[in-house]
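Using this note's numbering, you'd call the opening residue of the sequence shown number 2 and step up by one each time. All C-beta atoms, glycine included, are put in the ideal place defined by N, C-alpha and C. As structure tokens, the structure follows; a few thoughts come after it.
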Amino acid sequence: MNDNPRIALAGMPAYGHLNPSLPIVRELTSRGVGITYYTGGEFREPVEAAGCEFREYPRDVFGSATIAEATRLGGPVRVAGEVLKAAEEFVPFLLAEFGAERPDAVVFDSNALWGRMAAAKLGLPMISLMTTVMIGTKEMPGMTFREWSRMLREIIPNVTGPIATRRRVQRRFGKETYPSGGLPMRGDLTIFPVPEWMQPPSPSIDATCHFVGPTISAGGQRLDPELARFLDGPGPLVLVSLGTLHTGTEAFFRTCFEALGDLPIRALLATGSRSDPALLGEPPENILLRPSVPQLEVLRRTAAFVTHGGMNSALEGLACGVPLVVVPQQAEQLLIGKAIADRGAATVLRQSLSNRPVPPEELRAAVRRALTDATHRTAARHLGATLSEGGGAPTAADHIQNFLKTTALNDN
């Protein structure tokens, strides 16, 4: 291995994919590994703060707004179609970049198809950062007929375009560069910043896969005075957030008003930038609305967390010892929610998966259970204590450095 190895990292321009990578790249750069991090322009500041050289993808092609809109209109299949379209622009860009830089390895987000294809085209060693778990139809967690029907209604009208784009991408860049298993993609080495107990049995998992547990940043974001006063108020705090992509609907937030407004609690609702608070009406006195919140800082003061069950949010809640109420918006989040519920730390309300509203009385009961059932909090604290067992960012960096040494020896 070079005394000063260099890595190129092809990221996915979304906070849910960026955040798990930052502690890992921060650890690597502290050890003298040079990293050029490719992602969307909106993420320049956190990438540079982690010690990386920032490079921006071609503009106006694919970004967090694209992902959010595709998620809203057609779910994961629509997002995959946008990823394929972006590959047509990003692969040539990265071929030129990687060809000039010749990094010792390419790290790619497990959904950043362009990073994997460019690395394969140039014969560069490939490392996947897998921010979720590997699932297939056999691992789907007992979905009902109505849930399958809703998923198929999303898939069928959105599948033709991605199939055509995939064929075009394969013809242009070579079928051998395209991952045989589709998205999400493994690499020669695959790092999972998730606990191994989250992963259902899968033939895709082998000795090149390493589960290091969550890589959660220290936080430290400042609270504005109004939010700080609200968090320090009387009664237990409940955080409601459906993530940066699934920000909820006005109907869901009105359900929260009805379910939580008369409880002796404080509820902080992260509504997202695309929701109009004016459409919600005046919230109850014990509820504060914010477009976004510094989630880790809030979770450290939270007694119950109503979440969509995205991997980052679920693990951050557990890391803070907070019992969850999971309202999954897609099948992967149902899998995550059930894995935590099976271990006693969550209640899953799955109505959204079949386009049904969450009944206020069920949400109220689930929140009450999270607040008053000691077994929930004990289970959440126990799971939170186990999250560090995989070693986190330092162990991920160890695996990557060992891989770099091995590939360097093989080249000599």
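Asked: Quick one: what's got a C-beta closer than 8 Å to Val78's C-beta in the same chain, skipping five residues either side?; Found: Glu155, Ile156, Asn159, Val160, Pro163
Asked: Are at least three pairs of beta-carbons, each pair with one atom in the segment 214-227 and one in the segment 129-136, less than 8 Å apart?; Found: no
Asked: Given a cut-off of 7 Å, decide if Thr396 and Ala367 are closer than it, judged by their beta-carbon atoms.; Found: no
Asked: Three Cβ pairs or more, each shorter than 8 Å: is that satisfied between the segment 335-353 and the segment 202-214?; Found: no
Asked: Taking the C-alpha atoms as reference points, what is the distance between Phe63 and Leu238?; Found: 37 Å
Asked: Quick check on this structure: which residue in Gly385, Ile8, Phe94, Arg275 has the alpha carbon closest to the alpha carbon of Trp198?; Found: Gly385
Asked: Who are the Cβ neighbours of Thr30 in its own chain at under 8 Å, not counting the five residues just before and after it?; Found: Ile36, Ala51, Gly52, Cys53
Asked: Would you report the Cα separation of Gly143 and Glu49, rounded to the nearest angstrom?; Found: 43 Å
Asked: Near Arg147, which residues of its chain fall below 6 Å by C-beta distance, leaving aside the five closest residues on each side in sequence?; Found: Ser355
Asked: Using a 10 Å radius around the Cβ and a threshold of 16 neighbouring Cβ atoms, would you call Lys339 buried or exposed?; Found: buried
Asked: On the DSSP letters alone, give me the boundaries of the beta strand (DSSP E) that Leu123 sits inside.; Found: Per DSSP, Leu123 belongs to no beta strand (DSSP E); it is in the alpha helix (DSSP H), 114-123.
Asked: According to DSSP, what are the bridge partners of Leu130?; Found: Asp110, Ile192
Asked: When DSSP labels each residue in this structure, what does Arg223 get in the three-state scheme?; Found: coil
Asked: Just how far apart, CA to CA, sit Leu270 and Glu227?; Found: 14 Å
Asked: Per the DSSP calculation, Ile36 is bridged to which residue(s)?; Found: Ile8
Asked: If you follow the alpha helix (DSSP H) that Arg301 is in, where does it begin and where does it stop?; Found: Here Arg301 belongs to no alpha helix (DSSP H), and DSSP marks it neither H nor E.
Asked: Is it the case that the segment 229-237 contacts the segment 294-310, given that we only count it when at least three CB pairs across the two stretches are under 8 Å?; Found: yes
Asked: Reducing DSSP to helix, strand and coil, say where Ala346 ends up.; Found: coil
Asked: Along the chain, where does the beta strand (DSSP E) that runs through Thr326 open and close?; Found: Note on identity: in this sequence residue 326 is Val, with Thr being the wrong assignment. Val326 -> beta strand (DSSP E) spans 325-327.
Asked: Let me make sure I understand the geometry here. Which of Gly345, Glu259, Gln331, Pro361 has the alpha-carbon closest to that of Glu145?; Found: Looking at the sequence shown, residue 145 is not Glu but Thr. It is Gln331.
Asked: Going by DSSP, which residues form a beta bridge with Arg267?; Found: Leu238
Asked: So, at 8 Å on beta carbons, what are the nonlocal neighbours of Arg7 in its own chain, with the 5 sequence-adjacent residues on each side left out?; Found: Val34, Gly35, Ile36, Thr37, Glu102, Pro104, Asp105
Asked: Going by DSSP in three states, Cys257 sits in which element: helix, strand or coil?; Found: helix
Asked: If contacts are defined as beta-carbon pairs under 8 Å, then Ile206 and Met131 qualify, I think. What distance do you get, rounded to the angstrom?; Found: Rounded, the Cβ-Cβ distance is 10 Å, inconsistent with contact.
Asked: Give the C-beta separation of Asp189 and Met118 to the nearest angstrom, bearing in mind that I take them to be a contact with Cβ-Cβ under 8 Å.; Found: With 8 Å as the limit, Asp189 and Met118 do not qualify as a contact, their Cβ atoms being about 14 Å apart.
Asked: Tell whether a beta-carbon distance below 7 Å holds between Tyr39 and Ala81.; Found: no
Asked: Taking the straight line between their C-alpha atoms, what separation do you get for Asp4 and Leu388?; Found: 32 Å
Asked: DSSP has Phe231 in a bridge; who is on the other side?; Found: Per DSSP, none; premise fails for Phe231.
Asked: Take Leu316 as the anchor and find which of Lys122, Leu224, Ala88, Gly393 has the nearest alpha-carbon.; Found: Gly393
Asked: Whole angstroms are fine: how far does the CA of Glu90 sit from the CA of Val241?; Found: 37 Å
Asked: Classify Leu319 as buried or exposed, calling it buried when 16 or more other Cβ atoms lie within 10 Å of its own Cβ.; Found: buried
Asked: At what residues does the beta strand (DSSP E) containing Ile288 begin and finish?; Found: 288-291
Asked: Quick one: what does DSSP say His211 is sitting in, helix, strand or coil?; Found: strand
Asked: Can you find the residues in the same chain that come closer than 8 Å, C-beta to C-beta, to Glu43, ignoring five residues on each side of it along the sequence?; Found: Pro14, Gly64, Ser65
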